[in-house]
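Protein chains in written order, with my numbering: chain A, 21 to 151; chain B, 21 to 151.
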């Protein structure tokens, strides 16, 4: 898989502080993608099969769900298990790193849900003022 | 100011859940921008003047700092005070909304600093495996 924006920027700097800041941006950028956080939240409840995830997120395409899961697996946040049964069964679960990330992102999700529209209102007021 | 990616997407949906998810993405996207989180963290320590911020973030340009502060002000996260003195003095501080956001984002920043390079290592291992 070639690197690029959709796979997240790798952080080539050798300065520790710059690398940390870059990795944090990279992580926020990844979570800000339309589907990743939703998938991580669902897997935080329990292990899901591909088809269960597809059903739970009703407007995601099969291709987009596949891509999202592959990125999360590549990031070490999600673990994929293929069961050798007929028909094949594929389970997805959070890794310990993924579970720790979900804990860390929880307060931000809660904040966002407790302040619905506050940023939008601030923007509208600002735009009115400068218009 | 015209809307566009750099100002964050406004969230036009009328469905509450979609709007919340969109606003959260929008917020993560904003924090993932190279400078915003850094400015919010500095203002979390204390009120800063423009020139102090400029000095504290040594590789930010004057133009980029101006833009970053304007976006944060538009989002209702930062408050700007112009003191009518000669020469003019401009102070920036977090609003209560900005302070609450900084609290909420804290665990994620801590997580990221405690797991340096883990995502990068997971990616390298994944890429090796699929190569």
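Just so it is clear, CB atoms sit at the ideal spot from N, CA and C, and this is done for glycine as well.
Quiz item: For the segment 68-78 of chain A against the segment 103-121 of chain B, are there 3 or more C-beta pairs whose distance is under 8 Å?
Solution: no
Quiz item: With a cut-off of 9 Å, does the C-beta of residue 24(B) fall near any C-beta of chain A?
Solution: Reliability fails at residue 24(B), whose pLDDT of 38 lies under 50, so the model's placement of it is uncertain and the value that follows must be treated cautiously. Chain A, which has no Cβ nearer than 9 Å to the Cβ of residue 24(B), makes this no.
Exercise. Consider the Cβ of residue 59(A): report whether some Cβ of chain B lies at a distance smaller than 9 Å.
Key: no
Quiz item: Which stretch, first to last residue, makes up the beta strand (DSSP E) that contains residue 114(A)?
Solution: 109-114
Quiz item: Taking DSSP as the reference, what is the three-state secondary structure of residue 134(B)?
Solution: helix
Practice problem: Would you please verify whether the beta carbon of residue 141(A) is less than 9 Å from any beta carbon of chain B? | Solution: yes
Quiz item: Taking all protein chains shown into account, do 16 or more other C-beta atoms lie within 10 angstroms of the C-beta of residue 23(A), making it buried, or fewer, making it exposed?
Solution: Low per-residue confidence applies at residue 23(A): pLDDT is 39, beneath 50, and the placement is therefore not dependable, though the value from the model is reported in the following sentence. Label assigned to residue 23(A): exposed.
Quiz item: If you draw a straight line from the alpha carbon of residue 86(A) to that of residue 95(A), how long is it in whole angstroms?
Solution: 14 Å
Quiz item: Apart from the five residues just before and just after residue 100(A), which ones in its own chain have a Cβ nearer than 8 Å to its Cβ?
Solution: 89, 93, 110, 111 and 112
Exercise. Give the DSSP-derived three-state secondary structure of residue 101(B) in the structure shown.
Key: strand
Practice problem: Could you name the residues of the same chain whose beta carbon sits closer than 8 Å to that of residue 65(B), not counting the 5 residues immediately before and after it, in chain order? | Solution: none
Exercise. Verify whether the separation of the beta carbon atoms of residue 51(A) and residue 98(A) is less than 9 Å.
Key: no
Exercise. Taking residue 127(B) and residue 40(A) to be in contact with their CB atoms under 8 Å, please state how far apart those CB atoms are, rounded to whole angstroms.
Key: Going by Cβ atoms, the distance from residue 127(B) to residue 40(A) rounds to 15 Å, so no, they are not a contact pair.
Quiz item: On the premise that residue 60(B) lies in contact with residue 114(B), defined as a C-beta separation below 8 Å, what is that separation, rounded to the nearest angstrom?
Solution: 7 Å
Quiz prompt | Beta-carbon gap between residue 57(B) and residue 45(A) smaller than 9 Å | solution = yes
Exercise. Report yes or no: is there a C-beta of chain B within less than 9 Å of the C-beta of residue 102(A)?
Key: no
Practice problem: List in chain order: all unbroken alpha helix (DSSP H) runs of 4+ residues lying wholly within the segment 45-75 of chain B. | Solution: 56-65
Quiz item: Three-state secondary structure (DSSP) at residue 119(B)?
Solution: helix
Exercise. Give a yes or no on whether the C-beta atoms belonging to residue 49(B) and residue 49(A) are separated by under 9 Å.
Key: yes
Practice problem: Could you list which residues in chain B have their beta carbon closer than 7 Å to that of residue 125(A), in chain order? | Solution: 128
Quiz item: Which residues of chain B have a Cβ atom closer than 8 Å to the Cβ of residue 65(A), listed in chain order?
Solution: Here the premise fails: no neighbours, minimum Cβ distance about 17 Å.
Quiz item: Given residue 69(B), which residues of its chain have a CB within under 8 Å of its CB, disregarding the five upstream and five downstream residues?
Solution: 109, 110, 111 and 112
Quiz item: Among residues of its own chain, excluding the 5 on either side of residue 144(B), which ones have a beta-carbon nearer than 7 Å to its beta-carbon?
Solution: none
Self-check item: Beta-carbon spacing of residue 73(A), residue 139(B) below 9 Å
Solution: no
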